[in-house]
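Student: Supplied in structure tokens, the structure appears directly below.
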Amino acid sequence: MIAAVPVLGLLEPPLGGAALIAALVAVWRAKAWPKAGKVVTTVAAMALLGAVLPDRPKDAAAGDAPRPPRAKAAATAVPTAKSSPTPTIPPLADYRGQSLETAFDQARKAGFLVHQHDASEKDGFVRGRSRWTVCFQRTGWDGRQPTAEFGVVLNGSPCPQRDGDPVPWPKMPDLVWKTWRTAHTEVAALGVRPDRIKARAAYLNDTLPDEGEYDDWRVCAHDPAAGVAVQPDDYAELRLTAEKNGCPEGDRGVGTGARLPDRDEDGDPDYRDPYPGDRNRTSAFPNGRPGSGGSGGSGGSGGSSDGSGGGSGWSPCRHTRWC
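First residue of the sequence shown? That's 1 in full-length UniProt numbering, and the numbers climb one at a time after it.
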């Protein structure tokens, strides 16, 4: 068996090594062999195998045997889940400035799921589509169908600069000393309804002439005051005076409780009283008040002031301040 070791080593070195190990195991387990003989046999077998083994390459002996090249990993694409194509959102007409009712109906007919919201800073509840106007719009997709979102304000309101900003209501200008005609035009241009713009005499004892006859009267004060935000449903009151009378001193632009001069205290300011010294005759009663008996100086002379004399029997002076 020992003789077969070098033969097998010539044919196949690994096989020779295996034969050497098997032969040595058999020798050392055999009881017939003395220990010295076993040692000699082991050395001889190893020498024979070493003599027939081929020399190792130099680079292998140095421990630099090149490693077999790695097979290049095949560039295989990792399968990924197919992404759904981005849906194409159909075009939406521009409804800004139009009624929400119109925008809502037309967008739904075009296949959109429609939403709306208050575009002002109040972010209130939108009720009654006919009462709202579109300021902003945008489109999107909710996974099933295209969507349209409208930002709206109440009819007559200006649109905010950006969605969610305060509504930029116009501010009342300074109208003091402008004519009624000019001031009325400016207030109406703010969106205030013309029937809510009122005229009033600036002096307590003055009255306005018939409509159309005070177009050139001047504004002494107004409410709302200059700089106050004005909305369409607001009322505006302009306090007027004839230009020759001017505005009450010290209260210009604020309003007043002042009175115009009235020497005979008949309630008719001197500037329009044809009889400033006769309290019985006024612009309304140039021939004297009924029952006064006509002109008779500041106190009247044609009849009793209390109606008890020989007058007509009826007198407006009874229990009044006129007499």
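In this text, a Cβ means the ideal position worked out from N, Cα and C, and glycines have one as well.
To the nearest angstrom, how far is it from the Cα of R127 to the Cα of N205?
Tutor: Locating residue 127 in the sequence shown gives position 127, counting from the first residue. Locating residue 205 in the sequence shown gives position 205, counting from the first residue. Approximately 48 Å between the Cα atoms of the pair.
Student: Let me know the secondary structure DSSP gives K198 once reduced to three states.
Tutor: On the sequence shown, position 198 is the one that residue 198 refers to. Three-state result, K198: strand.
Student: Just reading off the beta strand (DSSP E) that W132 is part of, what are its end residues?
Tutor: On the sequence shown, position 132 is the one that residue 132 refers to. Looking at the DSSP string, the run of the beta strand (DSSP E) that includes W132 is 132-141.
Student: In whole angstroms, give me the CA-to-CA distance for I89 and A110.
Tutor: Counting from one through the sequence shown, the residue named residue 89 turns up at place 89. Counting from one through the sequence shown, the residue named residue 110 turns up at place 110. Their Cα atoms are separated by approximately 11 Å.
Student: Looking only at C-alpha atoms, which of E121, Y95, V25, P87 sits nearest to G143?
Tutor: Indexing the sequence shown from 1 puts residue 143 at position 143. When only C-alpha atoms are compared, the closest one is P87.
Student: So does the segment 169-186 actually touch the segment 130-146, counting three or more Cβ pairs closer than 8 Å?
Tutor: no
Student: What first and last residue would you give for the beta strand (DSSP E) that runs through Q231?
Tutor: In the sequence shown, counting from the first residue as 1, residue 231 sits at position 231. Counting along the chain, Q231 falls outside any beta strand (DSSP E), and DSSP gives it neither H nor E.
Student: I need the DSSP call for L151, collapsed to helix, strand or coil.
Tutor: Here residue 151 is taken as the residue at index 151 of the sequence shown, counted from 1. Correcting the residue type first, residue 151 is Gly in the shown sequence and not Leu. If DSSP states are grouped into helix, strand and coil, G151 belongs with the strands.
Student: Starting from the Cα of G246, find the closest Cα among A36, S120, D216, L113 and give me that residue.
Tutor: On the sequence shown, residue 246 is found 246 positions in, with the first residue counted as 1. Nearest of A36, S120, D216, L113 to G246, Cα basis: D216.
Student: For R289 and N280, I'd like the C-alpha separation in whole angstroms.
Tutor: The residue you call residue 289 lines up with position 289 of the sequence shown. The residue you call residue 280 lines up with position 280 of the sequence shown. Answer to the nearest angstrom: the Cα atoms are 6 Å apart.
Student: Is it true that the segment 261-277 meets the segment 210-228, where meeting means three or more beta-carbon pairs spaced less than 8 Å apart?
Tutor: no
Student: Tell me the residue span of the beta strand (DSSP E) that contains R218.
Tutor: Indexing the sequence shown from 1 puts residue 218 at position 218. For R218, the uninterrupted beta strand (DSSP E) run begins and ends at 218-223, by DSSP.
Student: Please report the distance separating the alpha-carbon of H115 from that of E149.
Tutor: The residue labelled residue 115 in the question sits at position 115 within the sequence shown. The residue labelled residue 149 in the question sits at position 149 within the sequence shown. About 5 Å.
Student: Could you check what DSSP says for L100 in three-state terms: helix, strand or coil?
Tutor: Within the sequence shown, the letter at position 100 stands for residue 100. Helix.
Student: Using the three-state DSSP reduction, which class does K244 fall into: helix, strand or coil?
Tutor: If you number the sequence shown from 1, residue 244 lands on position 244. The answer is helix: DSSP assigns K244 an H, G or I state.
Student: Measure from the alpha carbon of P248 to the alpha carbon of each residue in T102, T147, V176, then state which is nearest.
Tutor: Sequence index remark: in the sequence shown, residue 248 carries index 248 (1-based). The candidate whose alpha carbon is nearest that of P248 is V176.
Student: Please state if the CB of E237 and the CB of D223 are separated by a distance shorter than 8 Å.
Tutor: Within the sequence shown, residue 223 is the residue found at index 223, counting from 1. Within the sequence shown, residue 237 is the residue found at index 237, counting from 1. It is a contact, given that the beta carbons lie within the stated cut-off.
Student: Tell me whether E186 sits in a helix, a strand or coil according to DSSP, three-state version.
Tutor: As a position in the sequence shown, residue 186 is number 186, starting the count at 1. Helix.
Student: I need the straight-line Cα distance from P209 to P91, nearest angstrom please.
Tutor: Walking along the sequence shown from the start, residue 209 turns up at place 209. Walking along the sequence shown from the start, residue 91 turns up at place 91. Straight-line Cα distance between these residues: approximately 60 Å.
Student: Helix, strand or coil, according to DSSP, for R239 in the structure here?
Tutor: Taking the first residue of the sequence shown as 1, we reach residue 239 at position 239. Strand, per DSSP.
Student: Under a Cβ-count criterion, where at least 16 other Cβ atoms within 10 Å of its own Cβ denotes burial, should R108 be classed as buried or exposed?
Tutor: As a position in the sequence shown, residue 108 is number 108, starting the count at 1. By the 10 Å Cβ count, R108 comes out exposed.
Student: Tell me which residues share the same chain as S298 and place their Cβ nearer than 7 Å to its Cβ, disregarding the 5 neighbours each side in the sequence.
Tutor: Position 298 of the sequence shown, counted from the first residue, corresponds to residue 298. The pLDDT assigned to S298 is 45, lower than 50, so where the model puts this residue is not dependable, and the model offers no usable value.
Student: Does the separation of the CB atoms of R193 and L240 fall below 8 Å?
Tutor: Numbered from 1 along the sequence shown, position 193 holds the residue referred to as residue 193. Numbered from 1 along the sequence shown, position 240 holds the residue referred to as residue 240. No. Outside cutoff.
Student: Could you have a look at D118 and say whether DSSP puts it in helix, strand or coil?
Tutor: Residue mapping note: residue 118 aligns to position 118 of the sequence shown, counting from 1. It is a strand residue.
Student: Would you please state the rounded distance, in angstroms, between the beta carbons of F112 and R129? I believe it to be under 8 Å.
Tutor: For the purposes of this step, residue 112 is taken as the residue at position 112 of the sequence shown. For the purposes of this step, residue 129 is taken as the residue at position 129 of the sequence shown. Contact between F112 and R129 does not hold, since the beta-carbon distance rounds to 15 Å and is not under 8 Å.
Student: Report the rounded CA-to-CA distance for T102 versus G151, giving the unit in angstroms.
Tutor: Position 102 of the sequence shown, counted from the start, is the residue given in the question as residue 102. Position 151 of the sequence shown, counted from the start, is the residue given in the question as residue 151. Cα to Cα, the separation comes out at about 14 Å.
Student: From the DSSP output, read off the bridge partner residues of P146.
Tutor: Taking the first residue of the sequence shown as 1, we reach residue 146 at position 146. Looking at the DSSP assignment, P146 forms a beta bridge with W141.
Student: According to DSSP, what are the bridge partners of K171?
Tutor: The residue you call residue 171 lines up with position 171 of the sequence shown. For K171, which the question treats as bridged, DSSP gives the partners A229.
Student: Give me the Cβ distance between A119 and D163, rounded to the nearest whole Å; I'm assuming they're in contact under 8 Å.
Tutor: Position 119 of the sequence shown holds residue 119. Position 163 of the sequence shown holds residue 163. The distance from the Cβ of A119 to that of D163 is about 5 Å, consistent with a contact at the 8 Å cut-off.
Student: If you draw a straight line from the alpha carbon of P269 to that of L260, how long is it in whole angstroms?
Tutor: Against the sequence shown, residue 269 aligns to sequence position 269. Against the sequence shown, residue 260 aligns to sequence position 260. P269 and L260: Cα-Cα distance of roughly 6 Å.
Student: Given T147, which residues of its chain have a CB within under 7 Å of its CB, disregarding the five upstream and five downstream residues?
Tutor: Translated into the one-based positions of the sequence shown, residue 147 becomes position 147. Correct list, in chain order: F112, L113, H115, T139, G140, W141.
Student: Could you pull the DSSP bridge partners for L260 from this structure?
Tutor: The residue labelled residue 260 in the question sits at position 260 within the sequence shown. Answer is none; L260 lacks a bridge partner.
Student: State the CB to CB distance for the pair E186 and P173, rounded to an integer number of angstroms; the pair is presumed to be in contact (CB under 8 Å).
Tutor: Residue mapping note: residue 186 aligns to position 186 of the sequence shown, counting from 1. Residue mapping note: residue 173 aligns to position 173 of the sequence shown, counting from 1. About 6 Å; that satisfies the 8 Å criterion.
Student: Straight-line CA distance for E243 to P158?
Tutor: Taking the first residue of the sequence shown as 1, we reach residue 243 at position 243. Taking the first residue of the sequence shown as 1, we reach residue 158 at position 158. Approximately 36 Å, taken between the alpha carbons.
Student: If you count every other CB in all the chains shown that lies within 10 Å of the CB of T207, and 16 or more means buried, which is it?
Tutor: Here residue 207 corresponds to residue number 207 of the sequence shown, with the count starting at 1. Exposed: under 16 other Cβ atoms inside 10 Å.
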